[in-house]
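For reference, the structure is listed below as structure tokens.
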Amino acid sequence: MSIGKVWLVGAGPGDIGLLTKKAIEVIEQADFIAYDALVGDEILCMLPEKVEKVSVGKRSGKHSVPQEETNQILLNEALKGKKVVRLKGGDPFVFGRGGEELELLSEHGVPFEVVPGITSAVAVPAYAGIPVTHRDYTSSFHVITGHPRKDGQDRTDYEALVRMNATLVFLMSIRAMGHVMEKLIQAGMDPDMPAAVLEQGTRYCQRRVVSTVSALEEDSRKAKIQTPAIIVVGKVCALSEEFSWYEKRELAGRQIVVTRARNKAGRLTKELRDAGAEVLEIPMIDTTPIRPEQVDLSELLAESEEREVWITFTSPTGVETFFGTTLAGKKTDLRRLLRNDVDLKFAVIGEATAKELERYGWMADLMPEVYNGKELGKALVQMAGKDAVIYLLRAKEGSEELIEELDAGNIPYRDIAIYETVCRENSPLADMIKEKIENEQIDRVTFTSASTVRGFVQTMKNMDFTKVPALCIGEQTAREAEKYHMQIEISDQATIAGMVKKLKELCKAQEER
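According to the numbering used here, the stretch in the sequence shown is residues 272 to 784, in order.
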């Protein structure tokens, strides 16, 4: 068996937006991933599901896996011929012990690459409104570890640090904060020099305490600052209030769960993150196209007399599947209908479905004002001619409300399943989400369909669902959530934009109380 390869990858300080493009590319092709406790939750959620993963976390001096064992794990997996990713918080070579992990690989001739990460020494102050350099204050900054060496000795030259009149960034220093501040004052630093401690920097729950060198330890104690956190000392800390920006975004400080299928979650996730939320993508459903040869479109595409035909889509997935998989798999297109002088029209359930249809060069002829199956059925009954034929191209387990309205209106239709929605029954991240909901760390769990609710319930087994703060896209989804007595809010409009707007309103109302 040929030897594999190891990539030492910096994950940055937590915010998924700070994960580099190179890091994402490497992660996506990995066979095995060993990750730290400091890797952000958003990043953990985007790791490939079918890849073997192991936590070798380290936090505040506690090692779940000893460093020597971590080194050996990387070597063993690479010797099996695997593509191994060692995912580390921050940058692997900035007090990340990356060099130690590479030594063993080098000794055994295992090839490796290093993918640098954005270090917390720069990113965390930036998210707190602190520039580590500023021409009016200092022209340099220095990064120092607060950890003593193995022999317990502190070999930091504090007098040299004070003489440089620079910004000082101390990593892994919270437990040694009192000692560090005392040493700086003894070395001649002004006790009133601005200083800050920054907790969980770049995360939704980040906090900052801005004080002075003499008072920082006491102020941090009162604020109950916990690790991970960094210490910044220097005049630039006084700029924090003026330059703060992270907390001013509408959904700052919020952690939101998105339960859509991963390939459909992009727009909702992006809009939430743009508004400042930390988003955990936990797919609860998967959509699978039904094999084209199993989809009977013979009547739809058959030569016939002139007639009015309505092709109806109840989701963007239906549009994408029909044009991208069903027709393509049958090696045909809609020109067969147009040649037969068919009066071809399209009906869609809502705005997102209409936009997906436009991507394939077609405009919707009908879209109800309220985006749900019941209203779509009513609109079709009103708009369709007496000799019209309606084709419903949708999921195998589609909403009954649509066909109930068509039946009531005595409108002929064919219900054609072109894809399946499968609810998941487990997730490797289920325990993490359960714990966060129990501890009230999740602000909202978003549901964009009844199937996402069912998938969530099946995945989060033996959970008290009354504690789930749900945001549902519409009434039908809410009715499913009500079965489990969730804490339900409903979007005023059954759209992604409507859900984001509702979240902003809920957060604003909470802040005003």
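For glycine and all other residues, C-beta sits at the position ideal for the given N, C-alpha and C.
Sequence-distant residues of its chain with Cβ nearer than 6 Å to residue i (five each side left out)
| i | result |
| --- | --- |
| V325 | A305 |
| K616 | W581 and D636 |
| T692 | I556, T558, A666 and S722 |
| K601 | P563 |
| M757 | F736, V739 and A741 |
Residue environment, residue i, which counts as buried when at least 16 other CB atoms sit within 10 Å
| i | result |
| --- | --- |
| W278 | buried |
| R725 | buried |
| Q858 | Since the first and last residues shown for the chain are 272 and 784, residue 858 lies out of range. |
| A795 | It is not possible to answer for residue 795, since the shown part of the chain is limited to 272 through 784. |
| L609 | exposed |
| D714 | buried |
| Y684 | buried |
| Y631 | exposed |
| R531 | buried |
| A679 | exposed |
| R525 | buried |
Helix, strand or coil at residue i according to DSSP, with G and I counted as helix
| i | result |
| --- | --- |
| K468 | Here residue 468 is Val; the residue named in the question, Lys, does not match the sequence. Strand. |
| S391 | helix |
| P587 | helix |
| L373 | helix |
| Q712 | coil |
| C778 | helix |
| R357 | strand |
| I687 | strand |
| P560 | strand |
| K706 | The question names Lys, but residue 706 in the sequence shown is Glu. The answer is helix: DSSP assigns E706 an H, G or I state. |
| Q758 | strand |
| R478 | strand |
| G283 | strand |
| P363 | coil |
| A659 | coil |
| T592 | helix |
| T530 | coil |
| E512 | helix |
| H450 | helix |
Own chain residues within Cβ distance below 7 Å of residue i, not counting five before or after
| i | result |
| --- | --- |
| C694 | M555, I556, S722, R725, G726 and Q729 |
| L571 | Y662 |
| E470 | Q477, R478, I496, Q497 and A500 |
| K293 | V386 |
| V403 | V393, P396, F412, T438, V440 and V507 |
| E552 | C316, M317, V529, R533, A536 and T540 |
| I708 | K738 and V739 |
| L345 | V277, A305, V355, R357, E372 and L376 |
| A523 | Y517 and G547 |
| T603 | L572 |
| E753 | I759 |
Integer Cβ distance of residue i from residue j, believed to fall under 8 Å
| i | j | result |
| --- | --- | --- |
| G285 | R474 | 4 Å |
| A635 | A625 | 4 Å |
| E627 | V590 | 4 Å |
| T592 | I620 | No, T592 and I620 are not in contact; Cβ-Cβ is about 15 Å, not under 8 Å. |
| V433 | G459 | 5 Å |
| T341 | V365 | Not really, about 18 Å apart at Cβ, beyond 8 Å. |
Nearest neighbour of residue i, chosen from the options [CA to CA]
| i | options | result |
| --- | --- | --- |
| T416 | Y398, V440 and R434 | V440 |
| I561 | W581, T588 and M452 | T588 |
| T717 | T540, R630, G648 and P363 | T540 |
| F514 | G595, G400, R520 and V414 | G400 |
| T597 | E671, K276, S569 and E676 | S569 |
| P465 | T483, K454 and Q343 | T483 |
| A301 | T603, F364, E579 and G352 | G352 |
| Q764 | N342, E579 and N643 | N643 |
| F383 | E374, S391, I389 and D307 | E374 |
| G275 | G311, A349 and V297 | A349 |
| I674 | I687, I689, G648 and A688 | G648 |
| F303 | R492, I295, V322 and A688 | V322 |
| I689 | V613, L664, G680 and M703 | L664 |
| G380 | L651, V504, N710 and N347 | N347 |
| I761 | K773, E751 and L290 | K773 |
| G472 | Q747, G283 and E668 | G283 |
| S698 | P319, V310 and E296 | P319 |
| R406 | Q424, A486 and N436 | N436 |
Beta-carbon proximity list for residue i, same chain, < 8 Å, skipping 5 on both sides
| i | result |
| --- | --- |
| E542 | I767, A768 and V771 |
| E521 | A546, G547, K775, C778 and K779 |
| G367 | G281, K359, G360 and G361 |
| K511 | Going by the sequence as given, residue 511 is Ser instead of Lys. These residues qualify, in order along the chain: A399, G400, I401, A467, R479 and V481. |
| Q457 | Y429 |
| L651 | W581, T583, A618, L637, I661, E676, L677, G680 and I682 |
Any chain C beta carbon closer than 9 Å to residue i
| i | result |
| --- | --- |
| T592 | In the structure shown, chain C cannot be found, because there is only a single protein chain. |
Distance cut-off 8 Å: residue i Cβ against heavy atoms of the ligand GDP
| i | result |
| --- | --- |
| R533 | Questions concerning the ligand GDP fall outside what the structure shown contains, since it holds no ligand whatsoever. |
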